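Reviewing the structure listed below.
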Amino acid sequence: MAYFDFEKAEAFKDTLEVTFQENDEPYSDDKIEEVESLVNHYFDNFNTHIPPLTSPLEVRGIIKKIT
1 MAYFDFEKAE AFKDTLEVTF QENDEPYSDD KIEEVESLVN HYFDNFNTHI PPLTSPLEVR
61 GIIKKIT
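Position 61 of the sequence shown, counting from 1, maps to 61 under UniProt numbering, and the rest follow consecutively.
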């Protein structure tokens, strides 16, 4: 438990050091390329279609049909 600012800063620093370390070897270059390819494919084919908006008149008509 850290009570003083210095202790809190040290605890935060230690947590960051542990969290942001390079992955240990062995790592697979083939797997890295596969993941990069899949991510690039996803973003290249990302659909940003915006659905049509509903007017207040349409909303009122829908509400009338339900009641």
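The C-beta atom is built at its ideal place from N, Cα and C for all residues, glycine as well. Source: prediction; values computed, not measured.
### Query
Between Lys8 and the rest of its own chain, which residues show a CB-CB distance below 6 Å, the 5 nearest in sequence each way excluded?
Ala2
### Message
For Glu36 and Phe6, what's the separation of their Cα atoms in angstroms?
### Response
40 Å
### Task
Kindly indicate which three-state DSSP category Ala2 falls into: helix, strand or coil?
coil
### Query
Taking the alpha-carbon positions, what's the Leu29 to Leu38 distance?
Looking at the sequence shown, residue 29 is not Leu but Asp. Approximately 14 Å, taken between the alpha carbons.
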